[in-house]
Every structure is written in structure tokens, then in C-alpha cells.
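Structure, as C-alpha cells:
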Amino acid sequence: MQDTLTALVAKAQTDLATLKSRPEFEAAKARLVGPNGELTGLMKQMGTVPKEQRPAMGKLINETKTRLQELLDGALRMIEAGELQAQLGPAIDPTLPSPDAGPGTYHPLTLVREEMCRILRKVGFTVADGPEVETEYYCFDALNTPADHPARDAQDTFYFPETAHFGNVSKRTPGEKYLLRTHTSSVQIRTMLKGAPPIRIVSPGRTYRRDTTDATHSANFHQLECLYVDKNVTVRDLKALLDYIFASLLGKETKTRFRPHYFGYTEPSFEVDLSAKHLPKVKKEWIEIGGCGMVDPVVFAGVGYDPEVWSGYAFGMGLERLAMLLYGIDDIRYFYQNDLRFLKQFA
Amino acid sequence: MKISLNWLRDYVALDASIDEISRAITFLGFEVEQVIRTGAPLLSQVVVGEVLVRDKHPNADKLSVCQVDLGPAGGVKTIVCGAQNYQVGDRVPVALPGAVLPGDFVIKLSKIRGQSSDGMMCSAKELGVAEDASGLLILAGRPALGTPINDVMPPGDTVFDIEITPNRPDCLSHLGLARELAAWFKLELVYPQEKFRGDISGAPHPELLRGVSVLSPEDCPLYSAHVIRGVKIGPSPEWLQRRLSAVGLRPINNVVDVGNYVMLETGQPLHAFDARKLGGSQIIVRRATDGEKLVTLDGKERVLTSRMLVIADAEKPVVIAGIMGGENSGVGADTTDLVLECAIFKRQTIRWTSKRLGLTSDSCYRYERGVDPHSALEAAYRAIDLILETAGGSVVGPACQVGGDVPWKREIVVTPAYINERLGFDIPAGEMSSALESLELNIVREEITESRGPAWTVAIPSWRDDLDRPIDLVEEVLRLHGTDKIPAAVVSSPGLIGDDDPLVLFNRRATDYLVGHDFHECVNYTLRSAKEITTWVSQTAAVELALANPFVDDQSHLRPTLTMGLLESLKLNQSRGVAVSRLCETGRVFIERNGQNFECAAVGFIIAEPVAERSWLKREPADFYTAKKHVTALAAAAGIDLGRQPLVPVTGPYYGWQEGQSAAAGEMAHGWTARFGLLNLAMVKSLGIEGKVYAGIFAILPEKITAETARRRYADFSLLPAALRDLALLVDAGVHADEVRKTLARIIRAALGNAFMLESVEAFDVYQGQGLPEGKKSVAFSLVFRSGERTLTDDEVNAVFQKVQEEVAKSTTWQIRK
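Respectively, the protein sequence lines represent chains X and Y.
Per this note's numbering, the first sequence starts with residue 4, numbered consecutively.
Per this note's numbering, the second sequence starts with residue 16, numbered consecutively.
In C-alpha cells form, the structure reads like this:
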């Protein structure tokens, strides 16, 4: 009996090691320890064992049973490991490119616009928006640009026929013509008419000039303007804002300077120059980057703000120009061609 | 405008360097576009020499060896020369060793083809005086040998090309700019002193001018005419010609040149008539009649209208007022008697006429911007002085003047305290007052106010019509103080609570989503062609969205969708061999609806079959449902739940979408619209694009964008296990799965009563084809039941499921597939 048990364990050890699948395993398990299995058969023979040998024999059978269970467990673990292994393909080549598309990219004009908005957000400017189709009042009259001003000429501004009607662009007076805004300053007017001071907004957006498209001109382009209206706003505050913006954007070594200029809607007015020789393709010492000034009292009076009480500044610049400067791009048309080899450079 | 430095020095003793003057002009508020140096630069070791002998070079065909006499001090030198245009006896500039010619060209003793040369004979170009490099500069007038060349050549000049801002017409003149520079450099401004002051002796000559009548005084507030008799027309003196040439004007004759000179000096345009050509010896300032014609000095016939102002004689128009004279009355070589016009015309009239005729001139440019009527006569007197000086003659009567009788007086009251408050830093009152006075903005009174210190009453000169409020004087003070001296400061930002515009937030969310899903963001032009809009959108849109004055034909209409721009970008990349698939854009589109246009915020994307792209591992291609997922997410970014909106399949020939493969929702009924799916295969192909293109667009009126969706409420959910059942239905192939789903859900809920919950019912399998009857499809739904209180038993779920099947069989046309 003892020999039979030892032989059973030895045979099980050999057989179980060759098992490959669960059905084989289940068959082997039934053969060994199932109700009709070999071990069960041997246990049934216990009755034939002399009484005095029974305790030793019982112990031996239990040990055999434990041993067989260990062997079965081991075999099952082997099979399970084999099954998991079978789920894997061959080893990967980590150097192959991912066949998935991506990553996506933001357009450089978006990147520059959002960066400017973040910089301005830190000093309390929120982003305002307004229509691209405007009326003469919001684009010109309210900004102190008289009816015979050259900027309003059909040679420079896109107009719509008198029959055109825009359901969600409000007119101030019935006779006004619709046009494509030539600057984002119209958003300042709409914002001031809608709310009460103090106001601190930045309005980025698309603008239009009736112009030849070449390396530096485009029929539509983008501007970004800031407007701050409060009590006691000064020229020095305006200069401080410009210094802050460009130091944040281009680094502390960036300098700005004001040159007196003329705009109808600010007084005094300035052009803003940058000195940023650390940027690529900047050859001149000073580069013009935008215009600014103190909001003209006429503009305040037009929107119903008392110019004796309220003062403010406005600043505007071209986003393409800024992006060209930041990235060293030398042709404005690249922004509108969307060649992926261009777009993928800025993400 | 071109400003000559030599000319400026007539009025102000500028001794600063060119760079300093440039900087001054810049900080006074005028952009210096270019600095041009003209005439001879200062040259040392370049003297006058005479060619004594010219022999052929022994070793070179084209060279000569010359003996050149430089006078007693210089002696005779041997010089090799390649030029051909000179002869023995000519006097020419000679550069000696040590001379540095323009372009840092240093002259040394040298050997040319074995022949030593002691210097170089020079061309005009080599000296930097002119562009002529065709031969030696032959000096006229036989100047003394050995004379330094600068003593022989006209002095050089520096010309600043300056952009004058439209508010400063007073600076469209040398005097105006000299005034600014005198103020900047704290120098005295010296005005020209006219000898003629309006006094006329002798008898009048009515045969030369009978009178002036102004029939349209609102267009012509001032007209003056003087008669000069016995002039001799000829070339202007050299100094006058040089002045005009330096600033880019071609000298014509002494009278015309004086007119131009005085205009460039004072800013006042002048015009001279040949008195004998004035019919009836009359000057009539009137509106033209419609269709009246005049051949202007440029030789072109101009057809006039009744809104245009002309100067006419008794018979015909002779000048388009303020813009250009006619050929019929101009000063010519045989003119002996002049009528000199000095007038002020209304800006708007001149501008309108100039635009209408497409005709401009230096005179027109100044009238359009505004000429000071109160300095006009000074300019006339100045011109008379110069005409008498250069063309002779004498002033005779009658002198006529019409208008010009409105006196000028303007005062602005300002306190230094106000100026400092606006600036945000302090400029001493003394500096302010001297700045103002230096610009002839004289402080005529000083009064003490109760709380703000002294108040100044500042008299504004007539040429500064741009100044009429205290804030305007802040700018004047700051200009002269120097805008580069505004002190630095920390940004002050007292908190204003607000958030970005909902449209901005929507754009940002949409772009973030798409870029996060591997799209490349594009930016396309807003203006598109009529043809494209007719093809891709509608005939109506092509009418309603048209500009009145497009600049180019293919940019004549507002875009009604972003798809066309994205396809253009797709095509560009394909044609350049760049692998491209996913492109997106946000921006405005303009949607026509019931005869009105609406400006909408829009987002669009395309997913093109990556035809050019080869990959070592294939991925599942995008399809309609990819586009649906993205559009749903984009609508959600604007606060629109597309899942709750009816979707309709796109039909119709103009949409650009493939019928049966694309869908639409919204259609602007509630201010938004969405379309997505496959773009029309044939239309895409006709653009020259390869492969299928899936696309999606979502557009919404800005005011309909919800910044934040309403705060959600938490709903309790059961932790108990669910009971699952599947139900496959045979339905008509044309029926939409969602219709079936909704009906089925209703039947199930009715069968359930309050027993327990139907958690969800979703289609999980759709089949059509072999094994099914023609025109039918099978849609299989997964039903999830759950209770909040207990674990459901098979029996109770089966009971409900049985009831549902019975109801389906009874009340629908569907068949249950077992």
C-alpha cells in the first residue's frame, strides 16, 4: 500500500508537469483525486488494512492527499501562467512610432492671444467680445472719427450694401451702413455702453482692411486691445501696463518706449516701440508694436461717461505682428495657409 | 513729406547732429521714415585737377595714362584712368592717396597693369553726389586747380522723409517743422520778413483783372488775387532749383517754382494764372456744372460735377479749385502778366472732389488736411517778394480779396496741477510754461484758483486748430518734456470682478477639446468667393452675404461655414505632400435665414482619410459616429445637449454633405445649428481632394451661449445588482434606431409600473442582410433592470419581460427575433 501511494505521487509528479490546458488538468485531477480517482480507490481499501496499521496508513494517505493537492495547485499555476503568456504578442519594439494621430496643435495666433490674455488676466483684465460686422457708429463715430475721415473711405473699409441686414448686430441710427470692423475698438464702445465704469477689458479679435495681401498685409488680421476706465488713470499707469505686458511676454530685458502720435479716440496718443534684441530676426533697435493713449473725453461723453469724473487708457496691437516677432516668422500669409509643417512648430 | 535740413536752417540755427535731429522729430511725434543725404559729402584729399596729357596704357586697351595738373601746391601727377568721356584740358575731381570716398573706399598709391598711379579721377557716383557712373565728372566753369572739391560742388543736404499725422497740417511745411524743432532744441525761430506788405502804387490795370466773385462762399472762405505785371519767365535761380530738387520736386520755371517753394515753406498752396488767358479778365469761384470739362495740367480731360468747385473766368473753368490748374490758363514761357491766387477752400469739398476724380496734388493734400486761413496772406506776400526777385515785374492793382474776415481767437484755461494729475508724475510749472511758450502757445493770464494753484489762460495760435481742450495741452507739455522720460511704475490693478465673455469661454473649450483630440487648429480668411458659396451653401447666401466693395473677386463674401476654409487647408497640405487628416477651426460665420444675416460663433473640423499617410500598423478609420461624438461635445461646450435634440438626415443638393451619410440638428430654430457626417464625395473630389472627408460644424448666436450649465443635482443610485435582458427586434430598414428605442422604453415602463426601474435601454447590435427579409433590419437592445430596495428575482423580471414582448407583438409592427 505504501509503495502504491509513493508510486502514485511519483507518477502524478511526472504527468502533471506535462499538462497544457485546463481540460487536461481537470481530467488529471479527476483521475487522481476525483470520486473515482486512484487516491479515492486506495482510500476505499483502508478496510482491508489491519487495524493496528490503520493510523499509520491514514496518516500516509493524508500526506499523499496533501502532496497531490500541492502538485495539482502547482500544475494549475503553470497552466494559468501559460494562459496569460498566450495573451501577449511578440515583444514590442519601443522605437517604432505610434500609428495614432496626434498630438493636436494650437494655431500660433491662438497661442499668442491666450498668452496675452493670461498676462492681462493677472492684472484684472477680462476678455470681452463683439461682432465683426459692425456699424459706422460703433466703428467710427463713437471713436471720434468724423464722417469725412479717410479711414472711413470705401477704399480702405469693407462695406455691405444698404439692403444687407444683420439680425444680431444692433444699429445706433437707422441710416448707418454695415461694415467689417477695421479695429477691435468697437468692442470698447459696446462694452462701455453696456456697463458702468470702472471697466477693465481686453478684446482680441479679427479685423479687416481693404488692402493688398503681401508678406506683411492681410485682408483680415487680428488685433488685441485693452481698455481701462476708472478714476484718476494716468499716462504713467499706461506706461506701467505696457512695461508689465512686454516684460512678462518677452522677458525682463525688454524695454518699451512711447512716441507721441495721433489717434482720434485718445489724447494724448502714443505709438509703442519695443527693444527686444534677444528675439530672432529683430534687426532694428526699436520696433513699433502698437498704439495707445488716454481715452479722449469725446469718446467718454459719447457713451455717457462724465469725462470730468472718469479717465482711462486704451492700448491696441496686431496679433500677427506680435506672433511674427515672437517666433521670428517673416510672412504673414503663413498664418492663413495652415501648412502642417508650419502649424506643428508652435505647440 | 520731405524736409530739407538746409532749408530748415533758414529759420532755426540747428547745429545738432543728424541723429539728434532725427530723434527730436521722432519724439515730437512725427515718424522719420527715411533720412536721405544729398549732394557731396565732406571729402578731404579730393581736389580739382586738369588733364594735361592722355596716353594709351601700354598694357591695356581700355585704360589711359594721364598727366594731371593739380596746381602749384599739388604738382603734376600720373594717374591711370578707365573712363572715356573726357578730353585733354578738362577739369575733373581727383582723389589723392589718403582720400576716403563714400563706401569707405580708401585711395592709395597703386600699380595698374604695371603702371603706377598716384590717385584716381572720379565720377559723380564715386564722389557720392549723383548716380551717374558713366564717366568722369567734368567740372564746369574751370575752377582753380588744387581747390578742395567741396568748395566747388554745391553743399550737401540732409532730407528727412517724415510722416505728418493728420492732426498737424501746420507741419506740412518747413516753417511748421522748424517751429517744432526750435521748441525742442530751445532755439529761436526766425520768420521770413516780407518786403511786400500789400501796398500797391500806381494805376490799376482792369484789363488784367476786373474782379473776383465767389459764388460759393461756404466752399471758399477766402480768396485773394494779386496782379504782377511785366514778369520774365525763365529758369529759377540755382538755389531755388536746388531746394526743390532736394525735396523731390522738379523745377519748372521761376513763377511756378516760387509757388511751390512758398507752399513748402509755409504750407499755403498758391496758384498763378497767365492774366491774359483769363477770359473777361474775371475770376469766378463757383461750383462746376454737371458734365463741364477741363483739361488739367497733367494733360487729362476731367469731367466735372456740380459738387465740385472750380475757379473759372467769364467763360470756362480754369482750375479745379485747390487741386490742379487747367492747361488753358497756366503760366508759360510767353507769360508776362500774372494773377496770383491765394485762397482757402473747404476741406470736405476738396477731399470729395479729389476722391471722385482720382486726382491729387501737393496742394490738394494740404487743403484736405486744413490750411490756416489766418496766415494765408503772409504766404501771398512772400511769394510776391520771390516772384519780383526771380522774375521781375511789379505789383499793380487791383488787389482783390473776398472773405477772410472771421477773426481768430481761442483760449484754453489749464492748471499745471491738472496736467500733472493726467500725467501721473510731476513736471515743474516752469518747465511747462516754457514748453508752451516755445510752441507759441502763450500764457496770456495767470489766475490763482481756490484749490488747484494757478490757472493759465493759453492763447492758441491760428495754425493749431487741433488744440481746443485742456487735455490737448497735456500732450503738448508731455511732447516737449519727452515721452521717453515717463517714469516707470508698478501696474496698479484694483480688483474688478468679472469673467471672460461666454463666447470666449466657448471658443477656448471647443479648441481645447479638438486639440486634445489630435486636431490641428487652422485659421482661414473670413472672405470667400461667390462661386464657392453658391456651390456649397445656397444661392440666397451668395446674395445676402456679399460685400458692397470687395477688393478681389475671390474674397467677396462672408463665410457661412468653416468647412470650405478647412477643405482649402486640407488641399494645400495634400498638394504639398504633407500627410494630413484632422483639422479644426473656431471663428465667426454668417448665416442667412429669412432674409437676415446672423453673425454666429462657430467651430468646425474635418477628418480626412489619410491617403498619403502610410503606417506600419492600421487603425480603425473615422466614420460618421466619430464626427457625431465630436459635434456632440462641441455643442455641449456651448451649453447645448445634442442628445436631447432631434437629428435629421441631411438632404438637398446645396448642402455639400453626402445624403444618407450625414445629419443635421438645430437649423437655427433656436439660435444654433449643427451638421456632421460625410462631405459630399463628388464635391470634395471636384476640389481636387483625395479620399473621403468627414466633417462637423456647430454654430451658435453669441447670445445663446450658456457660460455654465445649470448646477447639477446629485441623483441617488442603487448598490444592488442589475438584471439584464436582451431583446432583438425586426423593424423596417428605414426606421431610426432611436425611434424604436423610445417606443420600446415607453412599453417597458408601462409594463413595469412601479415594480422596479428600467435603468437603461440601448441598441447594441444592428444587422441587415442575409437571413433577414428584404427591407428589414434587426436592432438588438440591451435592457437593464434594477431596484433600489431588493435584489430582483428571475421570476419577477421574466414576468415583466414576457409582458413587454406581448405588448410589442400587439401594438407595434416589429417582430421579435428569438
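Note that CB positions come from ideal geometry on N, CA and C, so glycine has one too.
Query raised in the report: Lys286/X by DSSP, collapsed to three states: which one?
Result: coil
Query - CB contact check: Glu270/X to chain Y, cutoff 7 angstroms - result: yes
Query raised in the report: From Phe273/X to Val333/Y, what distance separates their C-alpha atoms?
Result: 43 angstroms
Query raised in the report: Residue range of the beta strand (DSSP E) that Cys379/Y falls in?
Result: Element bounds for Cys379/Y: not the beta strand (DSSP E) but the alpha helix (DSSP H), 377-384.
**Report entry** Neighbourhood of Gly555/Y by C-beta distance below 7 angstroms, restricted to the same chain and skipping five residues each side
**Finding:** What sits at residue 555/Y in the sequence shown is Thr, not Gly. The residues are Glu607.
Requested in this report: Assess, as a yes-or-no matter, whether the region 71-80 of chain Y is touched by the region 39-56 of chain Y under the definition of 3 or more beta carbon pairs within less than 8 angstroms.
Outcome: no
Requested in this report: Apply the 10 Å Cβ neighbour rule to Ser188/X and answer buried if 16 or more other Cβ atoms are within range, or exposed otherwise.
Outcome: buried
**Report entry** Identity of the residues DSSP links to Leu744/Y by a beta bridge
**Finding:** Val794/Y, Ile831/Y
Query raised in the report: For Asp352/Y versus Arg244/Y, is the C-beta distance shorter than 7 angstroms?
Result: yes
Query - Own chain residues within Cβ distance below 6 angstroms of Asn182/Y, not counting five before or after - result: Asp481
Query raised in the report: Of all the options Leu632/Y, Thr281/Y, Val270/Y, which has the alpha carbon lying nearest to the alpha carbon of Ile95/X?
Result: Leu632/Y
Query raised in the report: Quick one: complete alpha helix (DSSP H) runs, 4+ long, within the region 260-333 of chain X?
Result: 300-305, 322-330
Query raised in the report: Under the DSSP definition of a beta bridge, which residues are partnered with His225/X?
Result: Arg209/X
Query raised in the report: Taking the alpha helix (DSSP H) that Glu31/X falls in, what are its first and last residues?
Result: According to the sequence shown, residue 31/X is Ala rather than Glu. Unbroken alpha helix (DSSP H) run through Ala31/X: 25-36.
Query raised in the report: Can you round the beta-carbon distance between Glu490/Y and Pro271/X to whole angstroms, since I take them to be within the 8 angstroms contact cut?
Result: 3 angstroms
Report task. Label Arg591/Y either buried or exposed according to how many other C-beta atoms from any shown protein chain fall within 10 Å of its C-beta, with 16 as the threshold for buried. Result -> exposed
Query raised in the report: Just the Cα atoms here: how many angstroms apart are Asp151/X and Asp217/X?
Result: 28 angstroms
Requested in this report: Go to Ala561/Y, then tell me how far its beta strand (DSSP E) extends in each direction, as first and last residue.
Outcome: No beta strand (DSSP E) holds Ala561/Y; DSSP gives it neither H nor E.
Requested in this report: Below 8 angstroms CB to CB, which residues in the same chain sit around Ile164/Y once its five sequence neighbours on both sides are set aside?
Outcome: Ala55, Leu58, Val61, Val62, Val63, Pro108, Leu142
**Report entry** Any 3 or more C-beta pairs closer than 8 angstroms across the region 233-249 of chain Y and the region 345-361 of chain Y
**Finding:** yes
Query raised in the report: Could you check where the beta strand (DSSP E) with Pro81/X kicks off and where it finishes?
Result: Per the sequence shown, residue 81/X should be read as Met rather than Pro. It is not in any beta strand (DSSP E) - Met81/X instead sits in the alpha helix (DSSP H) that spans 57-90.
Query raised in the report: Do the region 111-125 of chain X and the region 484-502 of chain Y touch if we need at least three Cβ pairs shorter than 8 angstroms?
Result: no
Query raised in the report: Within the 7 angstroms Cβ cut-off, does Gln340/X reach chain Y?
Result: yes
**Report entry** Cutoff 7 angstroms; reference Arg437/Y; Cβ partners in own chain excluding five residues on either side
**Finding:** Ile486, Val489
Report task. Please confirm if Lys234/X has its CB atom under 7 angstroms from at least one CB of chain Y. Result -> no
Query - Short Cβ contact (7 angstroms threshold) for Gln297/Y with Ala391/Y - result: no
Query - Partners in chain X for Leu184/Y, counting only beta-carbon separations shorter than 8 angstroms - result: Residue identity differs from the one stated: residue 184/Y is Pro in this sequence, not Leu. Chain X residues near Pro184/Y: none, gap ~11 angstroms exceeds 8 angstroms.
Report task. Would you verify that the beta carbon of Ala504/Y is, or is not, closer than 7 angstroms to some beta carbon of chain X? Result -> yes
Report task. Spell out the partners DSSP gives Thr173/Y in its beta bridges. Result -> Arg52/Y
Report task. Would you kindly check if the distance between the Cβ of Pro266/Y and the Cβ of Pro413/Y is under 7 angstroms? Result -> no
Query - Closer than 7 angstroms at the beta carbon, the chain X residues around Asp516/Y - result: Val130, Ala131, Asp132
Query - Exposure of Pro388/Y, with buried meaning 16 or more beta-carbon neighbours within 10 Å - result: buried
Query raised in the report: So what's Leu244/X in DSSP terms, helix, strand or just coil?
Result: helix
Query raised in the report: So Gly671/Y packs on Thr541/Y, CB below 8 angstroms; how close in whole Å?
Result: Rounded, the Cβ-Cβ distance is 18 angstroms, inconsistent with contact.
Query - Minimum C-alpha distance to Thr472/Y - residue among Asn457/Y, Leu734/Y, Glu465/Y - result: Asn457/Y
Query raised in the report: Going by alpha carbons, who is nearest to Leu322/X out of Lys347/X, Ser221/X, Leu45/X, Gly315/X?
Result: Ser221/X
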